[in-house]
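Below is one structure, written out as structure tokens; comments come after it.
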């Protein structure tokens, strides 16, 4: 896993992925007490950065293997990314999703042409067993959400854009905060910035109660979340960092940050009001850290990656009303 | 008023204005029955395209004149654009606003450092008289919202970007739909595209009951709205096209389109769900026309300019809940 793989992914993504804007607002800077730039991946195709990794992985497959189709496990954003990238390559996609995933994510994945297989995580159904059976029957290739070099390379293209866009704003050093689940985006951006903006330091941001990456970085080994695997920030609730992503984060990333659900919601309201962006809770935690944990951040400027915007309308309206 | 003035404004705006993205979604294309691209000016500084014209006008002023300060009349978006551009030039701004303008717009204008003078339009207070008195006392220069060549040139820079971005998407012909109040943006884009994308046709879009521009284009002379000057789409409710903008629109623009408030709200919901954008009602009418008036649009692709996103949270939550 190296920078050249990210640069190769960027070439494959050219003309397919969207170069998302780096946004800012004087009102946001005032809240945060420093300059804040928001890399707006909620504006990426399918409403999250996951399209990058999915396109990267599917476009890199051997055509004969790809033609048999792909399969993925996802609570929703990786699902949509894989569904669209598969459809654009003209191949079938099967997505295994939990029954209690946000309705919009399930509906969109189906509407993008994927076959969705739901499982009941409350009843303890084994998604791996379900996936293995379907894959074996149909010869599908598994596209993992983060422990896959081509996926990490695709997510890392976000980092190439950040390096160039930040430089254009006169920013070449500072913390880059990334909403972190399994660490595919975080590790990909870290590798990209190591090569293209070595003055920047990547830091994962997680919701309270699901801070497996922060704890793993602190202890130096993979730590797991205990307790239920559901919460407001569904997109980034994962049991632990990946075997492939953790060593990269351990080598390159600064200490993790942790925000409360209330801070994630407040950040969604600020993004609505000041940036005109729709963020989902799990896509807002990095921005929340920039706004509300300034004491843990170094430098005059900070970059927060807003990773996704797939939130149901009723939840969004409720969060606005709480403000 | 010509293309060279727009190109000069683009040079002055470089490094200050934001090149806003041209967004799309397969779900949007499906509703519209053709490819739809959304020029996302809600992501411009201050949340609307008005910053372009304000910066263009203020940056072009004689420094000695500019130093005495500027004044503007606005229900809110021009207000914020002038306030920020004035502050960035280090000069004072006085903005005359109606008392019943959206709260966010008044608050933001003040927060951007402008002195806000409110008048009560229900009681028939004469804003022109108020403005003339303050200008005379303090030597302020009036920055009109649309009947000003430098303002039109600034708004026209949106058209230069549309031409380049659409070409990159393989689109060089088709209708460009623009939310239209006094016609500054519409006429500016029309002039820019006449030079840079002559296969495109600009068409103003207005809310039902405030279709002065559509009627003026149909009759060939300036027509006025009668009735109250307040409505859901506050940003684009103006009595008539401008003396400077109308001849440009009459020469270059296709027939106007008219949408209902219900269609504007539905377009806001689609922008929320599919593009992750916050649009205000008046900033959504062009997108609404693309979605719901396809029978009046020609071509395989259409471009809609989403002009602004300054909407109060309670109204936005209510509109989401109506969906």
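Protein chains in written order, with this note's numbering: chain L, 1 to 323; chain Z, 1 to 323.
Just so you know, even glycine gets a beta-carbon here, dropped at the ideal spot from N, CA and C.
A quick note: this is a predicted structure, and the numbers were derived from the prediction, not measured.
(message) Run through the DSSP bridge pairs and tell me what residue 141(L) is partnered with.
(response) 70(L)
(request) Would you kindly work out how many angstroms separate the C-alpha atoms of residue 37(L) and residue 214(L), rounded to a whole number? (result) 23 Å
(message) Measuring straight from C-alpha to C-alpha, what distance separates residue 30(L) and residue 292(L)?
(response) Distance between the alpha carbons of residue 30(L) and residue 292(L): 12 Å.
(request) Determine, using beta carbons only, whether residue 305(L) comes closer than 7 Å to chain Z. (result) no
(message) Does any residue of chain Z have a CB that is nearer than 7 Å to the CB of residue 13(L)?
(response) no
(message) Does chain L have any CB closer than 7 Å to the CB of residue 281(Z)?
(response) no
(request) Pick helix, strand or coil for residue 40(Z), following the three-state DSSP scheme. (result) In this structure, residue 40(Z) counts as strand in the three-state DSSP scheme.
(request) Anything in chain Z within Cβ reach of residue 49(L), meaning under 7 Å, just list it in chain order. (result) Neighbours of residue 49(L) on chain Z: none; closest Cβ ~12 Å, over 7 Å.
(request) List the residues of chain Z whose Cβ lies closer than 9 Å to the Cβ of residue 321(L), in chain order. (result) 313, 314 and 317
(message) Tell me which residues share the same chain as residue 7(Z) and place their Cβ nearer than 8 Å to its Cβ, disregarding the 5 neighbours each side in the sequence.
(response) 160
(message) Quick check on residue 21(Z) - is its C-beta less than 7 Å from some C-beta in chain L?
(response) yes
(request) Quick one: grab the DSSP three-state call for residue 1(Z). (result) For residue 1(Z), the three-state secondary structure derived from DSSP is coil.
(message) Determine whether the beta carbon atoms of residue 286(Z) and residue 177(Z) lie at a separation below 7 Å.
(response) yes
(message) Counting C-beta neighbours from all protein chains within 10 Å, is the total for residue 103(L) 16 or more, i.e. buried, or is it exposed?
(response) exposed
(message) Relative to the C-alpha of residue 218(L), which candidate in 283(L), 241(L), 117(L) and 230(L) has its C-alpha closest?
(response) 241(L)
(request) Say whether chain Z places a C-beta atom closer than 7 Å to the C-beta of residue 278(L). (result) yes
(request) State buried or exposed for residue 280(L), treating a residue as buried only when at least 16 other CB atoms are found within 10 Å of its CB. (result) buried
(message) Using a Cβ-Cβ cutoff of less than 7 Å, which residues in the same chain neighbour residue 331(Z) once the five nearest sequence positions on both sides are dropped?
(response) Since the first residue of chain Z shown is 1 and the last is 323, residue 331(Z) is not available in this structure.
(request) Apply the 10 Å Cβ neighbour rule to residue 167(Z) and answer buried if 16 or more other Cβ atoms are within range, or exposed otherwise. (result) exposed
(message) For residue 42(Z) and residue 23(Z), I'd like the C-alpha separation in whole angstroms.
(response) If I take the Cα positions, the gap works out to 12 Å.
(message) Against residue 43(Z), what residues of chain L qualify as contacts under a CB-to-CB distance less than 7 Å, listed in chain order?
(response) 21, 23 and 276
(message) Just to confirm before moving on: does the CB-CB distance between residue 50(Z) and residue 69(Z) stay below 7 Å?
(response) It is not a contact, given that the beta carbons lie outside the stated cut-off.
(message) I need the straight-line Cα distance from residue 296(L) to residue 208(L), nearest angstrom please.
(response) 16 Å
(request) Use the C-beta contact count for residue 226(Z): other C-beta atoms within 10 angstroms, 16 or more gives buried, fewer gives exposed. (result) Result: exposed.
(request) Indicate whether at least one CB of chain Z lies closer than 7 Å to the CB of residue 76(L). (result) no
(request) Per DSSP, which residues does residue 115(Z) bridge with? Please list them. (result) 94(Z)
(request) Can you give me the Cβ contacts of residue 260(L) inside the same chain, cut-off strictly under 7 Å, excluding the 5 residues immediately before and after it? (result) 208
(request) Could you tell me whether any Cβ in chain Z is nearer than 7 Å to the Cβ of residue 272(L)? (result) Against chain Z, the CB of residue 272(L) has a partner CB under 7 Å away; the residue lies at that interface.
(message) Here's the rule I'm using: 16 or more other beta-carbon atoms within 10 Å means buried, otherwise exposed. How should residue 52(Z) be labelled?
(response) buried
(request) Helix, strand or coil for residue 28(L), going by three-state DSSP, please let me know. (result) helix
(message) Please confirm whether residue 170(L) has its beta-carbon closer than 7 Å to some beta-carbon of chain Z.
(response) no
(request) Quick one: grab the DSSP three-state call for residue 351(L). (result) Nothing can be reported for residue 351(L): it is not among the residues displayed for chain L, which extend from 1 to 323.
(message) Buried or exposed, going by whether 16 or more other CB atoms sit within 10 Å of the CB of residue 2(L)?
(response) exposed
(request) Name the one or two DSSP bridge partners that residue 304(L) has. (result) 38(L) and 177(L)
(message) Under 7 Å, Cβ to Cβ, is there at least one residue of chain Z near residue 309(L)?
(response) So yes, residue 309(L) belongs to the interface.
(request) Identify every residue that forms a DSSP beta bridge with residue 206(L). (result) 258(L)
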